[in-house]
Amino acid sequence: MATVIPVPQASALPVAGSGDVFPVRRVYCVGRNYAAHAREMGGDPTREPPFFFMKPADALQVVPEGGTVDHPYPPKTSNYHFEIEMVVALSRGGRDIPVEQALDHVFGYAVGLDMTRRDLQDEAKQLRRPWELGKAADHSGPVGPLYPASRIGHPAGGAISLSVDGAVRQQADLSDMIWSVAEQIAYLSSYFELFPGDVIFSGTPEGVGAVNRGQTMAGAIEGLGEIRLRVV
Ligand code: MN
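To convert, note that position 232 of the sequence shown is 231 in numbering that gives the first Met the number 0; the numbers rise steadily by one, no gaps.
In structure tokens form, the structure reads like this:
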């Protein structure tokens, strides 16, 4: 049997320190998972359960470690925001995964950016429309190399930061998350059956802001290296 069109290429993230890659199935993203960021977006961090949205898997941009890659500024926005996030990659799936077992499902962790057409997201919120135009732009999910949990463990704390042209714009600690990685996996798995290849963007701390063409973003997480992207 022949395929009638070329098979679309799945995204695959490089595994740090090896020639291996991690093929991506789905990309889940958690919203408002750091208290100070929930407040800056007009939410109440104390009472809201986590909520999720998705990016298309082919919206990921693979960013090798070291050096600076070009990141295309997307069309139809004049307020394109960075959100530094830890990305969690699953090697095991399941339904209704208990919190205490959730981290056994993690392959590894990486530095990622949930790039957002904030003007389009704000308009969608106002009009009670879905978020895809704001959140799912092509290339809107830059991700660095994956660090296997078998090598680095499961980071529950550590510095997470983003700078633009050398000026620090976001700076927090992974321990500031409202919902832990284990809780996110458990919660998500009550709504969706999770599979190997699923990745989760675990939310961004406060300080999100706009970038323009010509600026360079550097995102770093303690133990997971740094990614650098020049907006073009
Ligand atoms: Mn985000």
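Cβ coordinates follow ideal geometry from the N, Cα and C atoms, glycine included. This one's a predicted model, so the numbers in the text were calculated from it and none came from an experiment.
Can you grab the Cα-Cα spacing for the pair residue 217 / residue 198, in whole Å? 21 Å
Compare the beta carbon distance of residue 24 and residue 56 with 8 Å and say whether it is the shorter of the two. yes
Straight-line CA distance for residue 223 to residue 153? 11 Å
Ranges of the beta strand (DSSP E) found wholly within the segment 39 to 78, counting only runs of at least 3: 50 to 54, 59 to 61 and 68 to 70
Residue 67 Cβ short of 7 Å to ligand 1 heavy atom set: no
Less than 8 Å between the beta carbons of residue 15 and residue 64, yes or no? yes
Could you check which residue in 159, 51 and 166 has the C-alpha nearest to that of residue 172? 159
Quick test of your reading: residue 229 and residue 69, contact by CB under 8 Å. State the CB separation rounded to the nearest angstrom. 6 Å
Over what stretch of residues does the beta strand (DSSP E) that includes residue 33 continue unbroken? Unbroken run through residue 33: none, as it is neither H nor E.
Quick check on residue 126: buried or exposed, where buried means 16 or more other Cβ atoms within 10 Å of its Cβ? exposed
Distance cut-off 7 Å: residue 76 Cβ against heavy atoms of ligand 1: no
Quick check: is any heavy atom of ligand 1 less than 7 Å from the C-beta of residue 118? no
With a CB to CB cut of under 6 Å and the five nearest residues on each side skipped, what residues in its chain are close to residue 147? 107
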